[in-house]
Amino acid sequence: MALKRFIIEMGMGVDQHGQEPTVAAARAVRNAIAHNALLGIMEVAGLKDPNEMIVEVKVAVPYPEQVREEEVLAVLPFGQKTLTVETGGMVVDGLAIPSLNDKNDEMLIAVAAVTVLVETE
-6 MALKRFIIEM GMGVDQHGQE PTVAAARAVR NAIAHNALLG IMEVAGLKDP
44 NEMIVEVKVA VPYPEQVREE EVLAVLPFGQ KTLTVETGGM VVDGLAIPSL
94 NDKNDEMLIA VAAVTVLVET E
């Protein structure tokens, strides 16, 4: 069996308040898949179920050790999902608003790449 790459999408996500890298990472993944439709992949790839797709996600975010991986992968509706998280993205100055649960004035920015692969004979 070989793997055929069908699509790679990129996205960006920001957590302006709360300083949660998981929120920024999930928003980046959601942004990556939001403007994409896999029309015809079932027919072209010969899939019987969309969960046969292999979906590889790579996210670069500040404080990667704090990312709750299952919450990021939950953004994806289908597929055999894997996530790689690494240090990256950006931390920029924002405005700390205590009523929004801010811990400090950091805004966290994450970037994500989502790749869909299908096993072929």
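Note that my numbering has the sequence shown beginning at -6, numbered continuously upward.
Glycine included, C-beta positions come from ideal geometry on N, C-alpha and C.
Residues in the same chain with beta-carbon distance under 6 Å from Met83, minus the five sequence neighbours each way, listed in chain order, please. Ile102
Between the CA atoms of Leu40 and Ile34 - distance to the nearest angstrom: 8 Å
How big is the Cα-Cα spacing for Asn97 and Gly87? 9 Å
So, at 6 Å on beta carbons, what are the nonlocal neighbours of Thr75 in its own chain, with the 5 sequence-adjacent residues on each side left out? Glu49
Exposed or buried, which one is Gln12 when buried takes at least 16 other CB atoms within 10 Å? buried
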